[in-house]
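Engineer: The structure that follows is given in the form of structure tokens.
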Amino acid sequence: MTPSPDTTDSPKISLRGVTKRFGAKTVLSGVDLDVGKGQSVVVIGGSGTGKSVMLKCVLGLMRPDGGSILVDGKETVGIKGSEREAMMRRFGMLFQGAALFDSLNVWQNVSFGLTAGRNMKRAEARDIALAKLARVGLSADVGALFPSELSGGMQKRVALARAIATDPEIIFFDEPTTGLDPIMSDVINNLIVDTVKDMGATTVSITHDMASARKIADRIAMIYKGQIIWHGTVEEMDATDNPYVQQFVHGRAEGPISMEIRHA
Amino acid sequence: MTLINPLALIGHVVLAFATHTGNFTIFTGKAISHCVRAPIYLRSIGRQMLIIGYFSLPVVGLTALFTGMVLALQIYIGSSRFNAESAVATIVVIGITRELGPVLGGLMVAGRVAAAMAAEIGTMRVTEQIDALTTLSTNPFKYLVAPRVIAATLMLPCLVLVAMIIGVLGGYIVGTQKLGFNYATYLKNTFDYLEVMDVISGLVKAAVFGFIIAIMGCYNGYRSRGGAQGVGAATTNAVVSASIMILISNYLITELFFAK
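Chains A and B supply the protein sequences, listed in that same order.
The opening residue of the first sequence carries number 50 in my numbering; numbering runs sequentially from there.
The opening residue of the second sequence carries number 656 in my numbering; numbering runs sequentially from there.
Okay, structure coming up:
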């Protein structure tokens with residue numbers, strides 16, 4: 050239904066007709082999306098439009114009901130066990146609520162993918178963790194603190210350090226700036242842009258924060274009712290006359306998208 | 656509608672039961688398979704052994720002490736009615752090793768440990784920490800469930816062994832101090848009729864109870880949904896289901912050993 054974006058080489062991630070339903074509620078009704086290698090794609094859309102579910106399907110945290118998800122041309126729907134683990138090693142994910150392990154301190158959190166996931170020596174992993182923390186602007190003494198002792202912005206930064214600690218090829222950002230003040234949001238956006246550009250990683254972010262989307266996106270895709278209804282560059286987004294995109298970008302209550310407010 | 660139509664209600668209950676049983680069986684199978692396959696997280700196992708074993712000692716010890724003491728008193732009352740007071744020591748030691756040590760110890764640990772496991776894993780579930788584990792290429796079964804199951808299955812017999820000793824000691828204190836038994840006679844009566852099988856059956860029970868506690872705590876936590884309320888419900892379910900499973904399996908194991 051939606052044509053694929055023009056990428057120079059074959060896409061890193063490719064979703065075709067991905068569907069997912071929970072009981073009677075259809076969340077994804079045929080998502081088509083291509084993400085080129087080294088690209089930063091931002092998926093925008095309102096709450097409950099299936100953004101998070103889409104990411105979780107790609108990561109294998111949820112199994113889609115139908116469709117195919119290709120990573121480097123290889124089908125990932127339905128793979129299990131060691132194959133899935135090998136696939137996971139190539140991904141990093143920044144969760145909406147940071148999802149730091151509260152039983153571990155900051156540096157143990159950041160190095161978790163190295164020690165538990167890759168059996169690296171703790172001393173070695175600690176050095177890498179501190180280097181990654183420095184990269185997101187946190188000093189070494191933060192490493193000994195526990196997640197509960199950090200502010201929301203610092204937790205997000207630690208979570209970012211954890212997501213990039215294993216130098217993944219593909220990084221997902223789930224609402225990276227939600228719940229942060231505008232200045233901290235911009236700090237996080239800059240960190241995302243810098244770290245990702247350094248690493249040459251392919252990223253998919255989901256957000257409803259337009260300032261964040263403009264800053265980190267190479268391409269923008271809009272999801273509505275479980276489908277990608279529009280995609281293009283930031284310039285194209287500003288120029289488009291697509292009423293859905295316009296309504297969302299300008300944040301208007303009136304338009305084709307009606308908020309589903311349930312009446313009892 | 657399902658509440659009005661009795662047939663639909665029955666069907667609903669049966670389906671829910673079947674789903675639940677199926678999910679639980681799959682969960683248990685996965686947990687066991689991850690207990691025996693590498694990598695094994697020794698650090699996590701050690702930590703859980705400390706939490707389950709060492710920190711449960713006071714509560715299990717106190718339970719055993721007072722159970723042994725009250726047992727001596729009650730059996731004295733009963734046996735004195737047909738002049739069999741000398742049986743007190745023997746019945747206390749058999750009651751404690753075969754039955755009360757493991758069961759009461761298991762129930763106390765279920766309240767303490769199954770609840771804590773369900774709350775911790777449930778919170779990790781609702782705050783996406785379990786998803787985060789997966790994205791950091793760590794299997795949550797391996798990292799969270801297997802260490803708890805291994806630690807609980809190993810530590811419960813140790814705890815119960817301590818409980819047996821303290822329980823018998825409680826009976827000894829009451830027997831000699833309050834009921835006027837001779838120190839040496841009480842000890843002799845305690846050990847003369849005690850068989851190795853009594854202790855072994857108690858320890859086997861303890862290991863099974865430990866497994867039940869960890870599985871129930873992890874299963875309910877792992878499947879919790881919907882924030883604080885979901886975690887609260889998971890905690891309650893974990894304690895209730897672990898306790899009931901302990902009591903049911905207690906009978907089954909007793910019958911198994913009874914035949915021998």
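Where is the CB? At the ideal position from N, CA and C, for every residue including glycine.
Between A:204, A:268, A:293, A:86, which lies nearest to residue 92 (chain A) when the distance is taken from Cα to Cα?
Structural biologist: A:268
Engineer: For the alpha helix (DSSP H) containing residue 94 (chain A), list its first residue and its last residue.
Structural biologist: Unbroken run through residue 94 (chain A): none, as it is neither H nor E.
Engineer: Please go through the same chain and pick out, in chain order, the residues whose beta-carbon is closer than 8 Å to the beta-carbon of residue 33 (chain A), but skip the five residues on each side of it.
Structural biologist: Any question about residue 33 (chain A) goes unanswered here, given that chain A covers just 50 to 313.
Engineer: Is there a Cβ of chain B sitting closer than 8 Å to that of residue 108 (chain A), yes or no?
Structural biologist: yes
Engineer: Is DSSP giving residue 251 (chain A) helix, strand or coil here?
Structural biologist: strand
Engineer: Using beta carbons (cut-off 8 Å, strictly below), is residue 134 (chain A) in contact with chain B?
Structural biologist: yes
Engineer: For residue 813 (chain B), which residues in the same chain have their Cβ closer than 7 Å to its Cβ, ignoring the five residues on either side in sequence?
Structural biologist: 708
Engineer: What three-state label does DSSP hand residue 75 (chain A) in the structure shown?
Structural biologist: strand
Engineer: Can the beta-carbon of residue 809 (chain B) be found closer than 8 Å to that of residue 704 (chain B)?
Structural biologist: yes
Engineer: Which class does residue 273 (chain A) belong to by DSSP, given the choice of helix, strand or coil?
Structural biologist: strand
Engineer: Could you please give the first and the last residue of the uninterrupted alpha helix (DSSP H) stretch that includes residue 885 (chain B)?
Structural biologist: Taken as a continuous stretch (DSSP letters only), the alpha helix (DSSP H) holding residue 885 (chain B) covers 882-913.
Engineer: Rounded to whole angstroms, how far is the Cβ of residue 804 (chain B) from the Cβ of residue 869 (chain B), which I believe are closer than 8 Å?
Structural biologist: 4 Å
Engineer: Throw me the rounded Cβ distance for the residue 873 (chain B) and residue 776 (chain B) pair, which I believe falls under 8 Å.
Structural biologist: With a Cβ gap of about 6 Å, residue 873 (chain B) and residue 776 (chain B) count as contacting.
Engineer: Residues in its own chain within less than 7 Å of residue 841 (chain B) by CB, not counting five upstream and five downstream?
Structural biologist: 744, 827, 830, 831
Engineer: Since residue 820 (chain B) is in the alpha helix (DSSP H), which residue starts that stretch and which ends it?
Structural biologist: 801-832
Engineer: Let's test the definition: count the other Cβ atoms within 10 Å of the Cβ of residue 910 (chain B) and tell me whether it reaches 16, buried, or not, exposed.
Structural biologist: Exposed, since its Cβ has fewer than 16 Cβ neighbours within 10 Å.
Engineer: From this set, A:135, A:179, A:149, A:176, which residue's C-alpha is nearest residue 167 (chain A)'s C-alpha?
Structural biologist: Measuring C-alpha to C-alpha distances from residue 167 (chain A) to each of A:135, A:179, A:149, A:176 identifies A:135 as the nearest.
Engineer: Alpha carbon to alpha carbon, what distance is there between residue 702 (chain B) and residue 801 (chain B)?
Structural biologist: Residue 801 (chain B) and residue 702 (chain B): Cα-Cα distance of roughly 13 Å.
Engineer: Identify whether residue 698 (chain B) lies in helix, strand or coil by the three-state DSSP scheme.
Structural biologist: helix
Engineer: By the criterion of Cβ-Cβ separation under 7 Å, what are the contact partners of residue 792 (chain B) in chain A?
Structural biologist: 134, 137, 138, 162, 166
Engineer: Just checking my contact of residue 229 (chain A) with residue 237 (chain A) at CB under 8 Å: how many whole Å lie between their CB atoms?
Structural biologist: 6 Å
Engineer: Among residues of its own chain, excluding the 5 on either side of residue 145 (chain A), which ones have a beta-carbon nearer than 7 Å to its beta-carbon?
Structural biologist: 223, 224, 227
Engineer: Can you tell which of B:757, B:787, B:798 has its C-alpha closest to the C-alpha of residue 865 (chain B)?
Structural biologist: B:757
Engineer: Tell me the residue span of the alpha helix (DSSP H) that contains residue 681 (chain B).
Structural biologist: 661-690
Engineer: Against chain B, does residue 260 (chain A) count as a neighbour if the rule is that its beta carbon must be under 8 Å from one of theirs?
Structural biologist: no
Engineer: What are the boundary residues of the beta strand (DSSP E) that includes residue 116 (chain A)?
Structural biologist: 115-120
Engineer: With a cut-off of 8 Å, do at least 3 Cβ pairs link the segment 849-856 of chain B to the segment 876-885 of chain B?
Structural biologist: no
Engineer: Rank B:774, B:736, B:860 by C-alpha distance to the C-alpha of residue 878 (chain B) and give the top, closest one.
Structural biologist: For residue 878 (chain B), the nearest C-alpha among the options comes from B:774.
Engineer: If I measure Cβ to Cβ from residue 50 (chain A) and keep anything under 8 Å in the same chain, skipping five residues before and after, which residues do I get?
Structural biologist: With a pLDDT of 39 at residue 50 (chain A), under the threshold of 50, the predicted position of this residue should be treated as unreliable, and no value is reported.
Engineer: Beta-carbon separation of residue 289 (chain A) and residue 300 (chain A) under 8 Å?
Structural biologist: no
Engineer: Return yes when the Cβ of residue 248 (chain A) is within less than 8 Å of the Cβ of residue 298 (chain A), no when it is not.
Structural biologist: no
Engineer: Between the C-alpha atoms of residue 807 (chain B) and residue 689 (chain B), what's the straight-line distance to the nearest angstrom?
Structural biologist: 15 Å
Engineer: Please list, in chain order, the residues of the segment 680-694 of chain B that have any C-beta partner in chain A closer than 8 Å.
Structural biologist: Answer in chain order: 694.
Engineer: Residue 120 (chain A) and residue 62 (chain A) look like a contact to me (Cβ under 8 Å); what is the Cβ gap, rounded to whole Å?
Structural biologist: 6 Å
Engineer: Kindly list, in the order they appear in chain A, the residues whose Cβ is closer than 7 Å to that of residue 877 (chain B).
Structural biologist: What residue 877 (chain B) touches in chain A: nothing, since even the nearest Cβ is about 14 Å away.
Engineer: Give the straight-line distance between the Cα atoms of residue 74 (chain A) and residue 217 (chain A), rounded to the nearest whole angstrom.
Structural biologist: 33 Å
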